[in-house]
Amino acid sequence: MPESWVNVAERIGSDLHVDLSGPGSRRAVLTRALRDAVREGRLAPGTRLPPYRSLAADLGLARNTVADAYAELVAEGWLTARQGS
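The numbering used here numbers the first residue of the sequence shown as 1 and each following residue consecutively.
Printed below as a string of structure tokens:
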């Protein structure tokens with residue numbers, strides 16, 4: 001499992017170095033990592049995250065894992081979604 005998001009960092013212009021081997025499910029760890037990135041200012045408002053399929057491939061995760069993490073963060077108000085963007 002990759003520990004740094006080299007491809008993602010290049011795409012969004014932000015280093016989101018996270019360790020996905022923490023306690024909990026991979027979805028929970030990814031959700032927490034993205035939430036922390038927003039909270040700590042490593043993800044600025046309006047930053048476009050990669051499509052969930054791309055992020056899943058970059059991180060070696062299942063697409064549904066990333067899609068579920070994105071959906072949870074949208075529901076909590078941490079992210080906003082744009083259909084087809």
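Positions of the beta carbon are idealized from the N, C-alpha and C atoms, including for glycine.
query	result
Whose C-alpha, out of 31, 51, 23 and 26, is nearest the C-alpha of residue 81?	51
My assumption, with CB atoms under 8 Å, is that residue 43 sits in contact with residue 30. Please give the rounded CB distance.	So it is not a contact: roughly 13 Å between Cβ atoms.
Comparing alpha-carbon positions, which option in 78, 64, 76 and 77 lies nearest residue 26?	64
Could you give the distance in angstroms between the alpha-carbon of residue 1 and the alpha-carbon of residue 40?	Note on residue 1: pLDDT 42, under 50, position unreliable in the model; the coordinate value appears next. One C-alpha to the other measures close to 24 Å.
What residue ranges within the stretch 42-66 form continuous alpha helix (DSSP H) runs of no fewer than 4 residues, ordered along the chain?	52-59
Out of 35, 23 and 58, which has the shortest C-alpha to C-alpha gap to residue 71?	35
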